[in-house]
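Residue numbers (full-length UniProt numbering): 245 to 605.
Virtual Cβ for every residue (Gly too), placed ideally from N, Cα, C.
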Ligand code: F6R
């Protein structure tokens, strides 16, 4: 049941300290600091030259997050929208690891992309939440995200568990297939991972997202910007917002704003800017370009961050490794979408025109 919550979505957002604990449990050996995913031996991994992710919607945004983490660790990786992968993508060889990210394990576009990968000779790994799902059965190997069942159509806790699982996978892959400068940034991320469920719990308890969201209801459109790991978060936050509020929202790479979207920015289009602790000066500059056009900027950033004084409102995230700041920012923005949709009286758990798993191409 909903356990006293009005909507499954809010229950699932608030349950993330627990779901993340389950995702992490048993995955990191305290003695060696190495990652165990019950899949892919070091010998298998050392045969791979590159990683291709295939996924749809929210899972695609998690894949983009994962491919960025791998790139930072010196591994060749790219995320594809599964529905486009079948038409055109880099060649697949027997040295390619294809990672299919799918919460339900039943998404037709993703299953199609997995078939193409297998035909090309790739090793296919499914990262899924559902035991015995079609993706788990079709894949050569499977890693479960252990987020627990998700009932709300809008994916929330599964995005966070996917992101952490892909971070662990990135760590494991980079140990055995990374370039010269691999390892260090992801090791820092492993240390911070142990604290992440508690960090998330504190952030949820103190969140001001409802009050800040209410200030901006009735706007013409809602924009989300970010850079690096903040970019998939901006895309994901806009997807969530449009999905459950039916309002116009867009996510942009912050540096792209001045290449066109800035024409849409007015005093009636709030901009939510994600600051992850990396590349933040540039994002702040981009946010100021929006302010110059009269838009309010809401900074999603750590306390005391230089962006806080320079912007119009602040959604704080706890101090963590840059690899997880985006994940935490995303949860604050899940709350923004939820409270906006709730205030507008939308059908939050079952948005119009959408289904929990999409079994047609
Ligand atoms: C958005 C959402 C969808 C799914 C997408 C893929 O909130 O839930 O965008 O993420 O349909 O679904 P899975 O992960 O089951 O393959």
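Cβ-heavy atom distance, residue 392 to ligand 1, below 6 Å: Outside the cutoff, so no.
Counterpart residues of residue 370 in DSSP-defined beta bridges: According to DSSP, which records beta bridges pairwise, residue 370 is partnered with 344, 386.
Ligand 1 heavy atom lying under 6 Å from the CB of residue 374: For residue 374, the CB stays at least 6 Å from every heavy atom of ligand 1.
Sequence-distant residues of its chain with Cβ nearer than 7 Å to residue 286 (five each side left out): Excluding residues within five positions, the ones whose Cβ falls inside 7 Å are 420.
Environment of residue 545 [buried if 16+ CB atoms lie within 10 Å]: It is buried - the Cβ of residue 545 has at least 16 other Cβ atoms within 10 Å.
Rounded C-alpha distance that separates residue 430 from residue 280: So the alpha carbons of these two residues sit roughly 15 Å apart.
Any non-hydrogen atom of ligand 1 closer than 6 Å to residue 347 Cβ: Under cutoff, so the answer is yes.
With 16 other Cβ atoms within 10 Å as the buried cut-off, status of residue 484: Around the CB of residue 484, 16 or more other CB atoms lie within 10 Å, so the residue is classed as buried.
Cutoff 7 Å: residue 268 Cβ touching any chain D Cβ: Absent from the structure is chain D; it holds one protein chain and no more.
Assigned exposure category for residue 443 - 16 Cβ within 10 Å defines buried: Burial check for residue 443: the Cβ neighbour count within 10 Å reaches 16 or more, so the residue is buried.
Check: residue 539 C-beta below 6 Å from any heavy atom of ligand 1: Outside the cutoff, so no.
Assigned exposure category for residue 381 - 16 Cβ within 10 Å defines buried: By the 10 Å Cβ count, residue 381 comes out exposed.
Contact the segment 265 to 282 vs the segment 379 to 396: 3+ CB pairs below 8 Å: The answer is yes - the segment 379 to 396 touches the segment 265 to 282, with three or more Cβ pairs under 8 Å.
Identified DSSP bridge partners for residue 296: Note: residue 296 is bridge-paired with 322, 342 in the DSSP secondary-structure output.
DSSP three-state assignment for residue 517, whether helix, strand or coil: Residue 517 falls in the strand class under three-state DSSP.
Residues near residue 486 in its chain [Cβ-Cβ closer than 6 Å; skip 5 each side]: Correct list, in chain order: 493.
Contained beta strand (DSSP E) runs [length at least 3] in the UniProt domain "SIS" (456 to 595), N- to C-terminal order: 466 to 470, 493 to 497, 515 to 518, 541 to 546, 557 to 561, all fully within the UniProt domain "SIS" (456 to 595).
Contact test: residue 356 Cβ vs ligand 1 heavy atom, cutoff 6 Å: No, the beta carbon of residue 356 sits no closer than 6 Å to any heavy atom of ligand 1.
Extent of the continuous alpha helix (DSSP H) run through residue 261: Run containing residue 261: 260 to 268, per the alpha helix (DSSP H) assignment.
Residue environment, residue 502, which counts as buried when at least 16 other CB atoms sit within 10 Å: Label assigned to residue 502: exposed.
C-alpha gap between residue 204 and residue 262, whole angstroms: Residue 204 lies beyond the range of the chain shown here (245 to 605); nothing can be said about it.
Endpoints, the alpha helix (DSSP H) within which residue 283 is located: Taken as a continuous stretch (DSSP letters only), residue 283 belongs to no alpha helix (DSSP H), as it is neither H nor E.
Any non-hydrogen atom of ligand 1 within 6 Å of residue 387 CB: Not one heavy atom of ligand 1 lies closer than 6 Å to the C-beta of residue 387.
7 Å Cβ cutoff met for residue 539 and residue 513: In contact: residue 539 and residue 513 (Cβ atoms closer than 7 Å).
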